[in-house]
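Residue numbers (my numbering), protein chains in the order written: chain A, 628 to 1605; chain B, 810 to 910.
Where is the CB? At the ideal position from N, CA and C, for every residue including glycine.
Bear in mind that the values here come from a model prediction, so they are computed numbers and not experimental data.
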């Protein structure tokens, strides 16, 4: 049996497996996260006719000019238009709690005092507010789409939040345009990207420069007075971003929050006083709607589905019917999608086709009963149309259009049965009641009772249909999913079998080379078993929603246990030394064991501190942790900790460089570069961070860019130069001897290996220290110490591995490093909810908005720890004592490369592919779970990003390894030829 | 926890490093008393390890508080291992009795 695979075949196989995995993953993602389930096309006049009567659609109606279309709508809707102008004021990220309070309690006192005018409007019954529950993901663009179209978009909208594109589905603004209304927009330029060319005037501001809290809002408000004096617009959209930015910088309780709320209050006051207050006549009435697209968590982030994030505001100011009670005006709940049908009916345009919302009842209180029922009917028709397209079986057969022949008693039945029957039955109930009310209305008998039961029946149908539509997991293309999963399984199998072959080969080689060593290594050790157990535990735990939410506990638990097992093993070797005689070798052995034990203990201690730093997760975030404690202690303490950690980091990395004996000058230069860039980072921290306003100025950006450049150049420089500079030590003396001598070849091979290892060490060091310094710059101030702890951990494990000798299996060590990286990922405060992604850091050193750059920075920040762990593999290659493997072989560079790089690359790939595949299957099984969109899907995005991170790391490791090997092979050839 | 593992071992072995290592790092008990200490101690540790698993689940039961599950796990593990060790001792004791005969 040919147990050894050649290097090139190994590479080809693994690249094939990776490509297969990528294909499978993308197919699965495309299939599972439906991109757009919506109907194309726009609702026209047909939406005012019953969907059940196959009325002939008049094609000409669509082609009507705007004015005629408007009057046609007016005529056939038979609801008078309540308002002529709309001011839609979007306050990005304002939780409804701030204005309306929570759980029947009014908002806290200082918040109420921050918005005196709005509160007085609410108290006087001039305004009515709603907690409008937003659907996750709570980021701006999908929420804006939901507000204007009433549809709940696909989950992948998040991914496109940073790459907005024109919104082509049926929506309110399109409807308004079709009746010839003029629209003006000031604020977030997302609107301009969604609706290019729609606005007659606009001033867009970018939402991507998070540190700016003043300019973004000033740019909106400066147009306000001018716009309010004009009368050439029907829709005015104002989108204020400042409050969201305040949240991102300082969280809910930021000291900037109250002034910002007051500023918003001033805007509301100005609009109200200038447009709504003066108009007592019935013409040209204006409605002011204050809405927010989403809320924010305590830390000011958003994206997830907690109450704090989904609790957005919908405040109607200027309705005709006054609400007398403050409690009535504030304790209402609705859904964010309800805004679209409500506005459509208020303004007499067709409800957008994909709307799943239900009109908000109280808003229509000024209409007559007849008109209200008509509004409900229109909404029901629209939902029924949508249902009909989603459920082809829904025909609601025996329904006659003209004349409802059902008598009253048979119409009202309790509804049950299949989805189709349920919806049909509910709709009929409502329609029958409506009709009987219509006929009764003529005779004017017991009309109040009938009215309320009809409304109840309509709401029954509307709510059921709306819920079903919004919860419906849209049709998933089964073949796509199946193919994706199969591809992933296949690639996982390929990777694992490659790993298995490699393990077997390494094992055989070891047996061959080290037959004189003890035989105990043939046994299956506890640590190896445990690594496998860890994988199984992880796979099982991913099936439980709470374990996904609290994943950091699992990683911490498992990693600590793994290192305790390793500690136990180290102690075992110590014992073996003590029992036997006092040979020098044994003493050496013992010294090594002490070394190992102490490094593991250092590692465990830093692991524990890291664990305490962030509470993490979802359910227990309120428990105290070190970061909270430090934040309470004040920013001075944080700054000093940041300084200390910076200094520690620099000295540690200098210390790590010191054991290198050869080429002192080169090492000195490297050390100096590291020191200099470390100083630059420290200066940046001292000077610019912590001052919210200073962070955006030119100097800070320039400084950060200089740091990026220095770090990048020094890393690539080290990578390119060091293989050429590292000495191939013995070869000078050897080359004069006889070349063909096998012993010399051996020695030469070894010396090449030593040079290789030295250069790999230097490159690995450069990667790690540059990565750490970069993180120190990018991460939140509170995270600077955890970065140092991570660095300490990895250095300690490096020490541990370097003193290990050939006793341990390589794959165990690589897997342990990978686990360390993942545990550190959660130690930095990340979780499986989109809310913990640090957005503010992604704009350091970025002068203008660039989606790509900020995206890359965000990725680097979020996956700091896995990236660091993967980069440390380069250093690991250099430390692992593999020289014994070369002795018997005449090593060509391909073999050398395979020996060095195969394990550090294949083990993370294999582990990650197991996790990815398992989680994919779990997600498929959980597709009907209650938490599938709020818990499992964000986690899947994280898993995908981790996969990308592993690809990146492995590519870097493999590229570095092959480059170094290539250079050394070249040098060997050159020396031979001399 | 330390009552189950550390104290009995300390009472018997005192400060003899070799014995400590033999029991806890190699798990190679020899005498009956070794069994009585070694197995329950490991049982307690492993039981506590498993006892920690239900803690992060969101069942909202009162016993999911921090030390409760772990203590129960440790006690259960200890008891199981105690029974096991007694049976081991008896089996071995029987064998040793048989051999001289």
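Outcome for residue i when other beta-carbon atoms lying within 10 angstroms are tallied against a minimum of 16
i, result
"residue 1256(A)", "exposed"
"residue 992(A)", "exposed"
"residue 1418(A)", "buried"
"residue 1364(A)", "With a pLDDT of 42 at residue 1364(A), under the threshold of 50, the modelled position of this residue cannot be trusted; read the value that follows with caution. Classification of residue 1364(A): exposed, given that the 10 Å Cβ count is below 16."
"residue 796(A)", "buried"
"residue 730(A)", "exposed"
"residue 1259(A)", "exposed"
"residue 1574(A)", "buried"
"residue 1030(A)", "Note that residue 1030(A) has pLDDT 42, beneath the 50 cutoff, so the model's placement of it is unreliable and the number below is only indicative. The residue in question, residue 1030(A), is exposed, as its Cβ has fewer than 16 Cβ neighbours within 10 Å."
"residue 892(B)", "exposed"
"residue 695(A)", "exposed"
C-alpha distance - residue i paired with residue j, whole-angstrom precision
i, j, result
"residue 633(A)", "residue 1130(A)", "14 Å"
"residue 1348(A)", "residue 1339(A)", "14 Å"
"residue 1502(A)", "residue 1531(A)", "10 Å"
"residue 867(A)", "residue 716(A)", "8 Å"
"residue 1091(A)", "residue 1009(A)", "14 Å"
"residue 895(A)", "residue 864(B)", "48 Å"
"residue 1586(A)", "residue 865(A)", "51 Å"
"residue 799(A)", "residue 966(A)", "10 Å"
"residue 767(A)", "residue 853(B)", "52 Å"
"residue 1615(A)", "residue 1232(A)", "Since the first and last residues shown for chain A are 628 and 1605, residue 1615(A) lies out of range."
"residue 1188(A)", "residue 1173(A)", "21 Å"
"residue 769(A)", "residue 933(A)", "17 Å"
"residue 870(A)", "residue 725(A)", "12 Å"
"residue 1381(A)", "residue 1344(A)", "21 Å"
"residue 1577(A)", "residue 842(B)", "50 Å"
"residue 1326(A)", "residue 1472(A)", "10 Å"
"residue 1589(A)", "residue 1493(A)", "22 Å"
"residue 734(A)", "residue 1186(A)", "44 Å"
"residue 655(A)", "residue 1548(A)", "10 Å"
"residue 771(A)", "residue 676(A)", "28 Å"
Nearest residue (CA-CA) to residue i, options the options
i, options, result
"residue 1487(A)", "1467(A), 1121(A), 1094(A) and 1505(A)", "1467(A)"
"residue 1461(A)", "996(A), 764(A) and 921(A)", "764(A)"
"residue 1019(A)", "1275(A), 1565(A) and 1051(A)", "1051(A)"
"residue 1082(A)", "1095(A), 940(A) and 1059(A)", "1059(A)"
"residue 1077(A)", "1064(A), 1089(A), 995(A) and 1085(A)", "1064(A)"
"residue 1540(A)", "1049(A), 875(A), 1117(A) and 1258(A)", "1117(A)"
"residue 1062(A)", "1048(A), 1047(A), 1046(A) and 1084(A)", "1084(A)"
"residue 1572(A)", "898(A), 640(A), 635(A) and 649(A)", "649(A)"
"residue 946(A)", "825(A), 988(A) and 1055(A)", "988(A)"
"residue 1168(A)", "1295(A), 1465(A), 1184(A) and 1154(A)", "1184(A)"
"residue 913(A)", "1534(A), 1477(A) and 861(A)", "861(A)"
"residue 1093(A)", "742(A), 720(A), 713(A) and 777(A)", "777(A)"
"residue 1448(A)", "1427(A), 1416(A) and 704(A)", "1416(A)"
"residue 728(A)", "938(A), 641(A) and 697(A)", "938(A)"
"residue 593(A)", "973(A), 1266(A), 1153(A) and 1114(A)", "No answer is possible for residue 593(A): the residues shown for chain A start at 628 and end at 1605."
"residue 1111(A)", "670(A), 1425(A) and 1544(A)", "1544(A)"
"residue 1346(A)", "1395(A), 1334(A) and 1007(A)", "1395(A)"
Partner residues on chain D for residue i, Cβ-Cβ distance less than 7 Å
i, result
"residue 857(B)", "Within the model displayed, chain D is absent; protein chains A and B are what it includes."
ask   = Which residues, in chain order, does the stretch 875-891 of chain B contribute to contact with chain A at a C-beta distance below 8 Å?
value = none
key: Positions along the stretch 839-855 of chain B whose CB lies within less than 9 Å of some CB in chain A   = none
ask   = Taking one C-beta from the stretch 850-857 of chain A and one from the stretch 866-881 of chain A each time, how about it: are there three or more such pairs within less than 8 Å?
value = no
task = Identify each residue in the stretch 1438-1471 of chain A for which the Cβ-Cβ distance to at least one residue of chain B is less than 7 Å, and report them in chain order.
result = none
Interfacial residues, the stretch 1299-1311 of chain A to chain B, with Cβ spacing under 8 Å = Correct list: empty, as no residue qualifies.
ask   = If you measure beta-carbon to beta-carbon, which residues of the stretch 710-733 of chain A are closer than 8 Å to chain B?
value = Answer in chain order: no residues at all.
query = Looking at chain B, which residues of the stretch 1471-1493 of chain A have a Cβ within less than 9 Å of any of its Cβ atoms?
reply = none
query = Using 8 Å as the threshold, is the stretch 1302-1311 of chain A in touch with the stretch 1259-1274 of chain A, meaning 3 or more CB pairs across them?
reply = With three or more CB-CB distances shorter than 8 Å, the stretch 1302-1311 of chain A counts as touching the stretch 1259-1274 of chain A.
message = Three or more C-beta pairs under 8 Å: does that hold for the stretch 1440-1460 of chain A against the stretch 1416-1430 of chain A?
response = yes
task = Residues of the stretch 1183-1195 of chain A with a CB closer than 8 Å to any CB of chain B: list them in chain order, please.
result = 1184, 1188 and 1195
message = Tell me whether the stretch 698-714 of chain A and the stretch 962-979 of chain A touch, counting them as touching only if at least three CB pairs, one residue from each stretch, are closer than 8 Å.
response = Enough Cβ pairs lie closer than 8 Å, so yes.
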